[in-house]
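Asks: Before I ask anything, let me first share the structure, which is written out below as structure tokens.
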Ligand code: ACM
């Protein structure tokens with residue numbers, strides 16, 4: 238048997254079938270299978286005919302692709318020349334490109350810019366982009382690859398940088414070396430605002446962690462990094478004016494002003510804006526550790542360690558609060574050049590306001606009739622301060638209240654309805670509802686969410702223009718530098734495609750095929766979303782035999798963390814920011830590739846009325862592997878408390894394997910199974926479906942499908 242790294246568990250299955258195949262050969266098979274699916278998709282689905290690019294593994298899919306025949310060889314002599322507008326940022330981006338190409342191919346390609354206009358890739362950039370990147374700047378490019386050379390043309394460096402990323406995705410191993418297919422790509426984004434928010438406040442993430450992810454954003458053409466810098470659990474930005482903010486509110490885990498400037502420059506080099514968020518008036522306990530005078534309650538305040546929504550909130554009736562914010566916003570506005578400044582505004586429960594007689598008196602005196610109106614008053618005052626410092630306010634849904642100025646931008650996290658409502662009222666907005674990466678949804682579910690769907694469908698063209706795009710959000714209750722990349726990637730690539738590619742690019746099978754490919758490429762950039770899991774599983778296992786490690790891997794390949802916000806509810810003890818993230822639930826990806834592939838295999842088998850003998854052999858091999866896996870894992874569970882936690886899940890997987898085999902045997906008989914058989918097998922699956930150790934066994938519903946198919950009235954219950 239081959240012990241596979243990564244995602245090729247099916248190779249293990251095939252080893253059982255013919256005893257010879259390993260990962261490499263399997264990868265070829267899957268590729269061919271994937272291309273077959275794509276070819277069929279083109280035949281069956283006319284919208285895909287306009288998108289042959291999917292076979293090119295480009296992600297996001299470009300606006301327009303005309304494939305040619307033949308290819309451009311990429312060898313160690315590959316060179317790039319810059320013509321037209323030049324600037325140091327472009328030089329650096331070409332050097333990065335060449336470095337990346339060298340990594341991808343392991344060819345000794347020089348990272349020096351060519352002076353010879355006959356370079357392999359000639360770049361023509363027409364003019365500079367804006368000194369401070371603006372929403373809606375031209376990001377288009379045209380990339381022409383012929384058998385003798387390539388040309389990349391773009392109005393601005395932003396387009397040039399995007400085109401270079403596309404070129405990197407085009408280069409692949411070919412029968413006689415590395416090559417890029419001949420192709421003409423005319424590309425531009427669908428939305429001007431394509432963001433990723435990272436919460437660096439609940440769990441701190443170092444600058445290097447962020448830079449890795451910004452590299453990932455560049456690879457998939459995202460252009461806004463929204464930096465959530467303050468929370469109940471931490472104030473993470475150095476303030477020279479109010480040093481007690483970070484000194485007392487961050488456990489000494491904060492970004493210095495130089496570091497923030499460094500990150501902004503790093504992002505600009507990659508065509509990415511940085512929008513800072515200072516969340517107020519709620520989500521602000523950490524501010525009050527050093528500055529209790531800002532709060533509405535009596536205090537004293539300490540850095541919050543728990544997760545959830547808490548009572549502390551700024552005092553909207555205190556003039557000193559606005560004086561303080563004026564200075565702080567001014568200080569931060571000078572560090573962050575972007576035109577937009579995020580003031581949060583979400584989830585204020587109002588309890589401290591209700592309990593403060595002075596605030597109640599103020600409300601009465603000013604005819605402020607409820608807490609919502611009090612927050613509107615606060616937002617209005619803060620908005621004026623932000624404007625005074627030359628910025629435009631962006632805030633979560635809650636800042637949209639009657640009378641707020643029309644230039645503010647609404648970030649909709651509560652639903653698409655509020656986004657459409659905002660657009661109707663003349664406000665610009667971006668969508669985040671549907672793109673919360675921390676909820677653990679499969680990529681397909683995020684991919685199905687479109688900023689222009691739902692209530693937005695009925696907007697007028699002018700109103701639609703106000704929907705600028707969207708942002709994925711990485712809230713960090715269960716995210717630290719070790720597992721952060723895996724919480725973001727590769728699913729974020731599917732969201733990036735939603736924001737960049739034409740609206741009719743919706744084929745899920747194609748998305749997954751390309752996402753798998755891009756996912757492996759992202760590791761070349763230094764992202765750790767695949768490799769971290771292996772490291773963490775070694776910690777969990779401790780000294781273990783290869784057989785035990787394989788058994789742990791077999792189990793962890795097919796489980797996912799519980800979804801949505803159930804992690805809090807199902808925790809063995811109340812989780813806090815000090816809880817170690819070292820369990821299996823922290824180490825596994827949020828979407829199981831193996832689980833998804835298994836579901837596809839079952840569907841393939843059922844779609845062929847259970848007559849697909851190759852699929853059946855694969856299923857049988859898989860079930861045997863699962864059935865026998867627990868015996869190999871249990872010794873390890875005796876030695877590691879972290880493995881012991883998943884021992885019951887391992888038993889469930891064995892039971893699923895046995896139930897799956899029983900279903901296949903029953904189907905092979907060609908006789909409908911009895912009701913008692915069905916009830917007995919269903920009981921195993923029902924047990925396996927109950928989350929344990931905060932894990933879901935992903936194959937369980939597909940095994941149930943086989944049981945149903947084998948049962949009286951089921952699709953495969955009668956003679957084959
Ligand atoms: C949020 O999720 N409270 C913006």
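In this note's numbering, the protein residues as written are 238 to 957.
Heads up, the beta-carbon is just placed ideally off N, CA and C, and yes, glycines get one too.
Mind listing, in chain order, the residues whose beta carbon lies closer than 6 Å to a non-hydrogen atom of ligand 1?
Replies: 583, 584, 633 and 650
Asks: Does the contact criterion of 3 or more C-beta pairs under 8 Å hold for the segment 605-612 versus the segment 530-548?
Replies: no
Asks: What does the alpha-carbon distance come out to for the pair residue 417 and residue 759?
Replies: Against the chain shown, residue 417 aligns to sequence position 180. Against the chain shown, residue 759 aligns to sequence position 522. Taking the straight line joining both Cα atoms gives about 18 Å.
Asks: In chain order, what residues of the same chain lie with their CB nearer than 7 Å to the CB of residue 821, ignoring the 5 residues before and after it?
Replies: The residue you call residue 821 lines up with position 584 of the chain shown. So the list reads 777, 793, 879, 882, 883, 930 and 932, once near-sequence residues are dropped.
Asks: With a cut-off of 8 Å, do at least 3 Cβ pairs link the segment 639-647 to the segment 673-687?
Replies: Contact fails: fewer than three Cβ-Cβ distances are below 8 Å.
Asks: Is it the case that the Cβ atoms of residue 838 and residue 866 are separated by a distance below 8 Å?
Replies: Along the chain shown, read from residue 1 onward, the residue named residue 838 stands at position 601. Along the chain shown, read from residue 1 onward, the residue named residue 866 stands at position 629. No; because the gap between Cβ atoms is not below 8 Å, this pair is not in contact.
Asks: Going by Cα to Cα distance, which pick from 795, 708, 810 and 470 is closest to residue 925?
Replies: Here residue 925 corresponds to residue number 688 of the chain shown, with the count starting at 1. Of 795, 708, 810 and 470, the residue nearest in Cα terms is 795.
Asks: Taking the alpha-carbon positions, what's the residue 704 to residue 668 distance?
Replies: Residue numbering aside, residue 704 sits at position 467 when the chain shown is read from its first letter. Residue numbering aside, residue 668 sits at position 431 when the chain shown is read from its first letter. Cα-Cα distance, rounded: 8 Å.
Asks: Out of 411, 472 and 424, which one is the CA nearest neighbour of residue 437?
Replies: By one-based count along the chain shown, residue 437 stands at place 200. Nearest option by C-alpha distance: 472.
Asks: The beta strand (DSSP E) with residue 303 in it runs from where to where?
Replies: Walking along the chain shown from the start, residue 303 turns up at place 66. It spans 301-311 - the beta strand (DSSP E) in which residue 303 sits, taken as one unbroken run.
Asks: Which residue from 355, 612 and 601 puts its Cα closest to that of residue 587?
Replies: On the chain shown, residue 587 is found 350 positions in, with the first residue counted as 1. For the residues 355, 612 and 601, the minimum Cα distance to residue 587 belongs to 612.
Asks: Out of 322, 306 and 358, which one is the CA nearest neighbour of residue 312?
Replies: The residue you call residue 312 lines up with position 75 of the chain shown. Among 322, 306 and 358, the Cα nearest to that of residue 312 is on 358.
Asks: Alpha carbon to alpha carbon, how far is residue 900 from residue 832?
Replies: Position 663 of the chain shown holds residue 900. Position 595 of the chain shown holds residue 832. Going by C-alpha positions, residue 900 is about 18 Å away from residue 832.
Asks: Apply the 10 Å Cβ neighbour rule to residue 291 and answer buried if 16 or more other Cβ atoms are within range, or exposed otherwise.
Replies: Within the chain shown, residue 291 is the residue found at index 54, counting from 1. Confidence at residue 291 is low in this model, with a pLDDT of 44, below 50, so the placement of that residue should be treated as unreliable; the coordinate-derived value is given next. Buried, since its Cβ has 16 or more Cβ neighbours within 10 Å.
Asks: What are the boundary residues of the alpha helix (DSSP H) that includes residue 613?
Replies: On the chain shown, position 376 is the one that residue 613 refers to. Per DSSP, residue 613 belongs to the alpha helix (DSSP H) from 608-625.
Asks: Drop a sphere of 10 angstroms on the beta-carbon of residue 653, count the other beta-carbons inside from all chains shown, and report buried for 16 or more, exposed for fewer.
Replies: The residue labelled residue 653 in the question sits at position 416 within the chain shown. The residue is buried, with at least 16 neighbouring Cβ atoms inside 10 Å.
Asks: Please work out which residues of its chain come closer than 8 Å, Cβ to Cβ, to residue 330, disregarding the five sequence neighbours upstream and downstream, and give them in chain order.
Replies: In the chain shown, counting from the first residue as 1, residue 330 sits at position 93. Excluding positions up to five away in sequence, the list reads 394, 397, 398, 401, 506 and 507.
Asks: What does the Cβ neighbour count give for residue 829, buried or exposed, with the cut at 16 atoms within 10 Å?
Replies: For the purposes of this step, residue 829 is taken as the residue at position 592 of the chain shown. With 16 or more other Cβ atoms inside 10 Å of its own Cβ, residue 829 counts as buried.
Asks: Could you tell me whether the Cβ atoms of residue 526 and residue 534 are closer together than 8 Å?
Replies: Here residue 526 refers to the residue found at position 289 of the chain shown. Here residue 534 refers to the residue found at position 297 of the chain shown. Going by C-beta atoms, residue 526 is not nearer than 8 Å to residue 534.
Asks: Using only the alpha-carbon positions, how far apart do residue 684 and residue 556 sit?
Replies: Residue mapping note: residue 684 aligns to position 447 of the chain shown, counting from 1. Residue mapping note: residue 556 aligns to position 319 of the chain shown, counting from 1. The straight-line gap from Cα to Cα measures roughly 45 Å.
Asks: Which full runs of the beta strand (DSSP E) of 3+ residues lie inside the segment 737-807, going along the chain?
Replies: 796-798
Asks: Whole-angstrom Cβ separation of residue 308 and residue 419, contact assumed at under 8 Å?
Replies: Walking along the chain shown from the start, residue 308 turns up at place 71. Walking along the chain shown from the start, residue 419 turns up at place 182. Between residue 419 and residue 308 the Cβ distance is about 6 Å, and since that is below 8 Å, they are a contact.
Asks: Do residue 461 and residue 734 count as a contact pair if the criterion is CB distance below 8 Å?
Replies: Along the chain shown, one-based indexing puts residue 734 at 497. Along the chain shown, one-based indexing puts residue 461 at 224. Not closer than 8 Å, so no.
Asks: Given a cut-off of 8 Å, decide if residue 430 and residue 372 are closer than it, judged by their beta-carbon atoms.
Replies: Along the chain shown, read from residue 1 onward, the residue named residue 372 stands at position 135. Along the chain shown, read from residue 1 onward, the residue named residue 430 stands at position 193. Cβ distance < 8 Å, so residue 372 and residue 430 count as in contact.
Asks: Please check if any C-beta of chain D sits within less than 8 Å of the C-beta of residue 899.
Replies: Going by chain labels, chain D is absent from the structure shown, which holds only one protein chain.
Asks: Does the Cβ of residue 258 have 16 or more other Cβ atoms within 10 Å, making it buried, or fewer, making it exposed?
Replies: As a working mapping, residue 258 is identified with position 21 in the chain shown. With a pLDDT of only 30 at residue 258, under the threshold of 50, the placement of this residue in the model should not be trusted, and no figure is reported.
Asks: Going by C-alpha distance, which of 530, 542 and 544 is nearest residue 552?
Replies: Within the chain shown, residue 552 is the residue found at index 315, counting from 1. Measuring from the Cα of residue 552, the nearest candidate turns out to be 530.
Asks: At what residues does the beta strand (DSSP E) containing residue 514 begin and finish?
Replies: Residue mapping note: residue 514 aligns to position 277 of the chain shown, counting from 1. Residues 510-514.
Asks: Using 8 Å as the threshold, is the C-beta distance between residue 337 and residue 407 below it?
Replies: If you number the chain shown from 1, residue 337 lands on position 100. If you number the chain shown from 1, residue 407 lands on position 170. It is not a contact, given that the beta carbons lie outside the stated cut-off.
Asks: Does residue 918 come out as helix, strand or coil in the three-state DSSP assignment?
Replies: Taking the chain shown and counting its residues from 1, one reaches residue 918 at position 681. If DSSP states are grouped into helix, strand and coil, residue 918 belongs with the helices.
Asks: Bridge partners for residue 418 per DSSP, in chain order?
Replies: In the chain shown, the residue the question calls residue 418 occupies position 181. DSSP output for residue 418 lists 308 as bridge partner(s).
Asks: Taking 8 Å as the threshold, find out whether the segment 319-334 comes into contact with the segment 349-363 through three or more Cβ pairs.
Replies: yes
Asks: Would you check if the segment 715-722 and the segment 741-754 touch, i.e. whether three or more CB-CB distances between them fall below 8 Å?
Replies: no
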